[in-house]
Amino acid sequence: AVNFAFFPILLTAIYGWARELELSRRWALIAVLMIAAIPSAYHVAASGYIDLAMALYITLAIVALTKWWRILENGWLIFAAIFLSAALSAKLTALFVFASFVLVITFRARQAQTANPEKVGGILARGFGALILAGIIASPWYLRTWAETGSPVFPFYMNIWPGEAAGWDVERSNLFQAMNSAYGGENKTPFDYLLAPWNLSVNAQPEYSTFFDGVLGVAFLFGLPILVWALWKKDMPEETKIGAGIAAIMFVFWLFSSQQLRYLLPIMPVLAIAIAIASERSFTRRSALYIVSKYGLTLSAIAGILVSTAWFLQKAPLRAVFGGETRDQYLTRNIDYYPYYEWLNSETPPDAKVWLINMRRDSYNLDRPYFSDYLFEDWTLRKMVWESSSGSELKAKAAAIGISYVLTRHDFLLDYKRSPLIDDTKPKAENEAKFRIAREFILNNAATIRADEKFSLIKVF
């Protein structure tokens, strides 16, 4: 509920800033609608992700920065520092915002060089001082991580700054970085980067890393040419230029880091406001282009709302809320592996330990002790497979760490062509032998309690 609350607060902030920038009520609401209609924003609001909180903090930091740009009042720098620190304490990617703020502060000092050259030093000192203050406020979170793991940026970049924690090491850190870079496609070409706005708007799909793992909708693709044209041809407000510039810088960083769609959500509010301002101020009211931009953006956003509505109806939580189905029926309908959890919860001893392999480390609905690797959930299995000479030895290793049951998602794990158990540096014969050991362990007919084409549950005797 707390996480979801950031969504309406963010929408309220967008509307308030848009009205303050003298947007009409209609266009301010269109800017709000563009954000509210992003399907992935709805998904993030209903999950444990913090990207909407990041969006709120970064939007408010940009608001404070633009106000400082106009009047050079130090109080706004303090507000900017507070909101930036909130973003940085939540996620390391906020450093990209710091980089863009450095440029804005530098350009503001350069602007003052002609009219008030004596103020340049003070502008730079106070501007960069605010960024340092933001870093200081955010530092306790990184100092705590440093004290507990040996690295302030854990679990990232352990090849550069080593750290230690149970269930994590340099190899997995490197794999994590490689996995993040694979979003948007593994072998990207310059053409892919140029087409990123189109692919984000048209081809993006949830649950597929190649397609950015999310849905943005086409409203921003529709509005982007209007914004670019307005910035080029029209005298746009400073706030629009600053917001669009920061968004552009962060988008470039995003392109060359991890192209997960939800990582873009923090720049969407300033883009929505900039597009609304560009649309209202670039075209004469009641002109054809004005009408096309107004209804084009509105209808594009409504299409996004329809996607979110379809997701909601597919989950159909109201059935369970109003008593149309039981909790177990709801979970069985929405979680394909829930029947396995249901069996474990009802048919096994309370102290039976379950090994979850490639089950998304989902223990929320499992009322039994469990073991599961973080993120790379077949890590321990892979290690044991390569240390074992037979399925029985692998089973003995599992029993030795107290495992009573093993629940595995095996559809891709036991697909030789894409299995993470395969080591490409080893001979094919050796890989095939290890693959047979894993298959014998996971799909052991004598030990299998239940299985299907995707999951298997075995008992470790």
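What the sequence shown shows, in this note's numbering, is residues 1321 to 1781, in sequence order.
Cβ coordinates follow ideal geometry from the N, Cα and C atoms, glycine included.
Close Cβ partners of Y1660 (< 8 Å) along its chain, the five nearest in sequence each way excluded: Cβ contact annotation for Y1660 (same chain, cutoff 8 Å, sequence separation greater than five): L1727, R1770, F1775, L1777, in chain order.
Nonlocal neighbours in the same chain, by C-beta distance under 8 Å from D1656, ignoring five residues either side: Cβ neighbours of D1656 beyond the five flanking positions: K1774, F1775.
Exposure label - N1494; buried when at least 16 CB within 10 Å: Here N1494 is exposed: its Cβ has fewer than 16 other Cβ atoms, across all protein chains shown, within 10 Å.
Reduced DSSP secondary structure (H/G/I, E/B, other) of A1450: In the structure shown, A1450 sits in a helix (DSSP, three-state: H, G or I).
Residue interval of the alpha helix (DSSP H) (run including Y1660): Taken as a continuous stretch (DSSP letters only), the alpha helix (DSSP H) holding Y1660 covers 1658–1667.
Cβ-Cβ distance between G1534 and A1550 below 8 Å: Between G1534 and A1550, the C-beta spacing is not below 8 Å.
Rounded Cβ spacing between T1386 and E1558 (contact assumed at less than 8 Å): With 8 Å as the limit, T1386 and E1558 qualify as a contact, their Cβ atoms being about 7 Å apart.
Own chain, CB closer than 6 Å to L1462, minus 5 neighbours either side, in chain order: Rather than Leu, the amino acid found at residue 1462 in this sequence is Tyr. The beta carbon of Y1462 is closer than 6 Å to those of P1472 in its chain, skipping five residues each way along the sequence.
Other residues of its chain near R1647: CB distance less than 8 Å, five sequence neighbours each side excluded: A1640, listed in sequence order.
Residue of P1328, L1392, T1413, V1322 minimising C-alpha distance to A1356: Of the candidates P1328, L1392, T1413, V1322, the residue whose Cα lies closest to the Cα of A1356 is P1328.
Closer than 7 Å: E1506 CB and nearest the ligand MN heavy atom: No copy of the ligand MN occurs in the structure displayed, which carries no ligand at all.
First and last residue of the uninterrupted alpha helix (DSSP H) at L1423: The continuous alpha helix (DSSP H) containing L1423 extends over residues 1415–1435.
F1476 - partner residues in DSSP beta bridges: Under the DSSP definition of a beta bridge, F1476 lacks any partner.
Extent of the continuous beta strand (DSSP E) run through T1768: Residues 1768–1771.
Outcome for L1633 when other beta-carbon atoms lying within 10 angstroms are tallied against a minimum of 16: That one is exposed.
Rounded separation between T1700 and D1693 - CA only: For T1700 and D1693, the distance between alpha carbons rounds to 7 Å.
Extent of the continuous beta strand (DSSP E) to which F1775 belongs: Its beta strand (DSSP E) spans residues 1775–1779.
Exposure label - D1698; buried when at least 16 CB within 10 Å: Buried, by the Cβ-count rule.
Selection from S1628, L1397, A1365, S1724 that minimises the alpha carbon distance to R1688: That would be S1724, whose Cα lies nearest to the Cα of R1688.
Residues near F1691 in its chain [Cβ-Cβ closer than 6 Å; skip 5 each side]: These residues qualify, in order along the chain: W1675.
Sequence-distant residues of the same chain with beta carbon closer than 8 Å to S1344, five excluded per side: The residues are E1600.
CA nearest to the CA of G1368, picked from F1326, R1339, L1349: Nearest of F1326, R1339, L1349 to G1368, Cα basis: F1326.
Start-to-end residues for the beta strand (DSSP E) that takes in Y1369: Taken as a continuous stretch (DSSP letters only), Y1369 belongs to no beta strand (DSSP E), as it is neither H nor E.
Span separating the alpha-carbon of W1347 from that of S1602: S1602 has its alpha-carbon roughly 13 Å from the corresponding atom of W1347.
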